[in-house]
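In case it helps, our numbering puts the sequence shown at residues 226 to 626. In this text, a Cβ means the ideal position worked out from N, Cα and C, and glycines have one as well.
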Amino acid sequence: MIAEIVFAAGCFWGVEKHFENIPGVIDVQSGYTGGNYQDPKYNQVLNYRYLNTNKDIINHTEAVLVKFDTEKISSKKLIKSFWEIHDPTQYNRQGNDIGNNYRSAIFYTTPKQLEIINNTKATYQTLLHEHGYGDIVTKIRPLEKFWVAEDYHQDYLAKNPNGYCPNHATGVKFEKEDKKISKDQEVIPLGGKEIIVVEAEDFCPYCVKFEEDVTSKYKGSLPLRTVLSKNLKGFELKTNLDATPTILFIEDGKEILAHRGYLNEKDFYKILGEFKLGNDTEAYRVAFNKGTDARFCKQYDIFKNTPDGVFVDKVSGEVLFDTLERFNSGTGWLSFYKAVDGATIERPDHSYGMVRTEVLAKKSGIHLGHVFPRGDGTRRFCINATVLEFIPRDKINSKDK
């Protein structure tokens with residue numbers, strides 16, 4: 226299937242060259258979009274790049290229309306590449322290229338693209354904050370009309386190899402994703418707990434959807450590999466592998482749990498939680514049955530004085546809390562002034578005849594604890610330690626390499 230999406234990330238010459246070199250991309254055109262006047266020309270776009278007295282005019286931005294084969298490359302990979310090739314925190318500029326025609330923007334053509342844009346934006350925003358960058362200012366709009374630029378702008382850098390092509394990338398990368406195993410590579414047990422995703426040898430839309438929705442976002446500590454069934458060697462399996470994807474939860478080479486067919490993110494983490502935590506453990510009771518750790522539990526004692534770093538969801542691996550926001554409340558539970566932006570969900574909890582606010586992990590949906598107001602106007606996140614893992618600050622960006 227052929228799909229389209231439009232990216233604006235500064236001067237369109239370099240953006241065009243970048244996407245033209247990605248396998249699966251069929252064609253890239255430089256052009257203009259996002260403005261409100263008809264048939265824009267390059268000189269007009271340049272003239273309107275600064276504040277002008279005509280407030281009725283919205284200038285176009287330099288952009289590229291990317292046509293791609295969805296069976297060869299996913300929209301998610303293209304969108305993630307867009308975030309990485311420029312600085313989306315700069316307003317109406319990229320580096321020394323100043324003006325509203327250089328504004329960062331994405332123009333989507335399907336609801337699914339919009340969902341992926343918002344999800345990857347949230348992830349990339351967290352990474353940018355961790356590296357000292359500010360908030361993303363990228364405009365996200367549906368594509369209405371794309372005006373193809375003049376001929377001399379098309380394939381400009383191919384025609385002018387030494388032409389202007391600045392690098393505005395922040396250097397911040399999405400965490401490395403687990404690579405698919407080669408079709409000819411033998412796959413043997415790693416030992417311990419691991420996740421095996423069996424996909425079809427030929428194109429499988431449900432495999433692609435599972436990769437986009439789940440495995441490409443997975444950050445958990447258990448190894449995850451995507452394989453072909455014919456390459457599995459030395460595993461003790463009970464489940465028939467004729468349905469794809471089939472998700473196998475393996476311990477020491479032996480199948481413990483399995484699911485045949487597509488799984489959405491929440492259901493995947495529910496099964497993973499049972500597999501990783503064990504359904505008869507305190508951590509599982511807290512995560513999936515809204516339980517509460519005992520005061521001053523063993524895990525609390527381990528975590529209360531950890532060095533500088535972050536606490537992550539024990540199931541999904543998503544960063545939830547930072548030691549910079551931790552404090553000793555004397556309650557016997559981990560306490561934080563705030564959660565990492567966008568990492569948690571809050572909702573009313575009227576259980577046990579009380580009025581409280583429950584805190585859940587946004588990605589996995591597991592129960593974390595509650596948040597309470599404090600007398601000084603701040604809030605206290607009272608969090609169960611058994612559903613967390615700790616990562617030292619200097620290991621955050623290297624833990625998945």
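Interface flag, residue i vs chain B, CB-CB below 8 angstroms
| i | result |
| --- | --- |
| R551 | Looking at the structure shown, chain B is missing, and only one protein chain is on hand. |
Beta carbon of residue i nearer than 8 angstroms to that of residue j
| i | j | result |
| --- | --- | --- |
| G259 | A330 | yes |
| A512 | L545 | no |
| S300 | Q338 | yes |
| A394 | E480 | no |
| I341 | K292 | no |
| K305 | T345 | yes |
| Y487 | K434 | yes |
Reduced DSSP category for residue i - H, G, I as helix; E, B as strand; rest coil
| i | result |
| --- | --- |
| K370 | coil |
| E287 | strand |
| L545 | strand |
| F428 | coil |
| R618 | helix |
| P391 | coil |
| F399 | coil |
| Q379 | coil |
| G578 | helix |
| K438 | It should be noted that the sequence gives Asp, not Lys, for residue 438. The answer is helix: DSSP assigns D438 an H, G or I state. |
| Q319 | strand |
| V584 | strand |
| S329 | coil |
| V433 | helix |
| G416 | coil |
| P336 | helix |
| L559 | strand |
| A347 | helix |
| L613 | strand |
| K302 | helix |
| K364 | strand |
| Q254 | strand |
| V422 | strand |
| I354 | The sequence shown places His at residue 354, rather than the Ile named in the question. If DSSP states are grouped into helix, strand and coil, H354 belongs with the helices. |
| V240 | helix |
| V270 | helix |
Cβ shell of residue i (< 8 angstroms), same chain only, five flanking positions each side left out
| i | result |
| --- | --- |
| G359 | T314 and L353 |
| G416 | D477 and G478 |
| L382 | W238, G239, E241, K242, G388 and C390 |
| T603 | Y562 |
| I282 | G260, N261, Y262 and Y273 |
| D566 | Q350, T351 and H354 |
Residue i versus the options, residue with shortest Cα-Cα distance
| i | options | result |
| --- | --- | --- |
| V596 | F606, K434 and N465 | F606 |
| P617 | A610, W558, V537 and F561 | V537 |
| N530 | N553, K463, C522 and Y377 | N553 |
| A586 | K434, G594 and H484 | G594 |
| F399 | V433, E490 and L303 | L303 |
| T611 | K370, E571, G256 and R520 | R520 |
| T335 | N321, T582, K442 and I365 | I365 |
| R599 | S560, E507 and Y443 | S560 |
| V289 | K266, V270 and A233 | A233 |
Contact set for residue i: own chain, Cβ-Cβ below 6 angstroms, skip 5 residues either direction
| i | result |
| --- | --- |
| L317 | Checking the sequence shown, residue 317 turns out to be Asn, not Leu. Within the same chain, N317 has close Cβ partners N325 and R328. |
| F493 | V439 |
Chain-order list of residues whose beta-carbon lies under 7 angstroms from that of residue i (same chain, five-residue window excluded)
| i | result |
| --- | --- |
| L447 | K418, E419, I420 and K501 |
| T517 | V511 and N609 |
| N385 | none |
| E245 | V253 |
| F615 | F528, T531, G534 and F536 |
| G557 | R520, F521 and Y525 |
| request: Could you tell me which uninterrupted alpha helix (DSSP H) segments, each at least 4 residues in length, are contained entirely in the region 456-539, listed from first to last along the chain? | output: Runs found: 490-502, 507-514 and 523-528.
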